[in-house]
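The sequence shown begins at 0 in numbering that gives the first Met the number 0 and counts up one residue at a time.
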Amino acid sequence: MTFENITNFFLKNFFQGLVIIGPIGLTIFVIWYIISAIDNIIPSIAKEIPGLVFVSTILVTALLGYLGNKFVVGRFFFDTMDSLLEKTPGVKHIYTPTKDVMSSFVGDKKKFNDPVWVKTNENPEIWRIGFLTQKEMADVDKHNYVAVYLPHSYAISGWVIVTEEKNIKPVVGMTAASAMKFAVSGGVAGFHSDENIFKAPE
Numbered sequence: 000m001t002f003e004n005i006t007n008f009f010l011k012n013f014f015q016g017l018v019i020i021g022p023i024g025l026t027i028f029v030i031w032y033i034i035s036a037i038d039n040i041i042p043s044i045a046k047e048i049p050g051l052v053f054v055s056t057i058l059v060t061a062l063l064g065y066l067g068n069k070f071v072v073g074r075f076f077f078d079t080m081d082s083l084l085e086k087t088p089g090v091k092h093i094y095t096p097t098k099d100v101m102s103s104f105v106g107d108k109k110k111f112n113d114p115v116w117v118k119t120n121e122n123p124e125i126w127r128i129g130f131l132t133q134k135e136m137a138d139v140d141k142h143n144y145v146a147v148y149l150p151h152s153y154a155i156s157g158w159v160i161v162t163e164e165k166n167i168k169p170v171v172g173m174t175a176a177s178a179m180k181f182a183v184s185g186g187v188a189g190f191h192s193d194e195n196i197f198k199a200p201e
């Protein structure tokens with residue numbers, strides 16, 4: 000084998016190794032960072048019993064969610080707090096947008112569960128995948144218009160467009176989760192949640 004062949008062979012396997020360990024390593028790093036950040040809220044306890052603050056935070060959050068949904072008293076308390084925070088000057092500008100964004104992704108009122116195809120160009124015809132967030136815009140004098148969120152690839156950001164209703168079509172054959180995966184991955188992920196069309200070169 001020539002030096003060039005050996006180098007190509009090495010680089011091919013090196014990059015293949017990166018493809019394998021990169022996502023695993025990044026996932027472990029992010030999880031560890033989150034656990035450490037939450038755990039260090041109370042450093043004294045974290046030093047004595049690592050992980051206790053994190054586990055306690057998770058359990059308390061789940062408990063509050065359960066009480067807020069299942070019990071009238073809990074719902075009344077959280078609704079009162081919600082109303083108070085939404086009407087408090089200064090605080091409402093932080094609380095309300097944060098609540099809206101989080102409820103769009105999780106909970107009973109999540110919004111990103113209606114994937115659609117959006118025509119963004121007529122000639123040549125170009126379609127993008129997005130999520131229908133407002134089915135009508137009549138309140139702002141945009142009749143027969145809808146709002147669609149278009150996520151960016153390989154990022155947690157995105158942008159919103161307002162377009163005529165005729166320019167969207169429902170996505171068929173993909174769940175909301177697989178549609179988001181497809182969009183965020185830049186089209187690399189397959190059309191089903193358990194498939195991936197990317198294959199490393201042989």
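For each residue, glycine too, the CB sits at the ideal point set by N, CA and C. Computed from a predicted model, the values in this text were never measured in an experiment.
Around THR119, the same chain offers ILE125 and ARG127 as residues with beta carbons nearer than 6 Å, after the five sequence neighbours per side are excluded. In the structure shown, the three-state DSSP call for VAL29 is helix. Beta bridge pairing from DSSP links VAL170 with no other residue. Beta-carbon to beta-carbon, ILE40 and GLY50 are separated by about 13 Å, too far to satisfy the 8 Å threshold. Judged by DSSP in its simplified three-state form, GLU163 adopts strand. Here the C-alpha atom of VAL52 lies approximately 35 Å from the C-alpha atom of THR174. Partner residues in the beta bridge of VAL147, as assigned by DSSP, are LEU131 and ILE160. The C-alpha of PHE28 is placed about 10 Å away from the C-alpha of PRO22. In the three-state scheme derived from DSSP, where H, G and I count as helix and E and B as strand, THR95 is classed as helix. A Cβ-Cβ contact shorter than 8 Å links GLY185 with SER152. For PRO42, the enclosing alpha helix (DSSP H) starts and ends at 42-47. Per DSSP, LYS180 is not a residue of any beta strand (DSSP E); the alpha helix (DSSP H) it occupies stretches across 175-183. In chain order, ASN143, TYR144 and VAL145 place their CB closer than 7 Å to the CB of GLU164, counting only its own chain and leaving out the 5 sequence neighbours on each side. Distance from the CA of ALA36 to the CA of VAL115, rounded to the nearest whole angstrom, comes to 37 Å. DSSP, reduced to helix, strand and coil, places ILE5 within a helical segment of the structure shown. Looking only at ILE20, LEU83, PHE130 and THR1, the smallest Cα-Cα distance to LYS180 is reached by PHE130.
Just so you know, the alpha carbons of THR95 and PHE14 end up roughly 45 Å apart.
PRO150 sits buried, since 16 or more C-beta atoms from the chains shown fall within 10 Å of its C-beta. Short of 7 Å from the beta carbon of VAL170, and not among the five residues preceding or following it, lie these beta carbons of its own chain, in chain order: PRO114, VAL115, TRP116, ILE128 and ALA178. Annotation for PRO114: the continuous beta strand (DSSP E) segment containing it runs 114-120.
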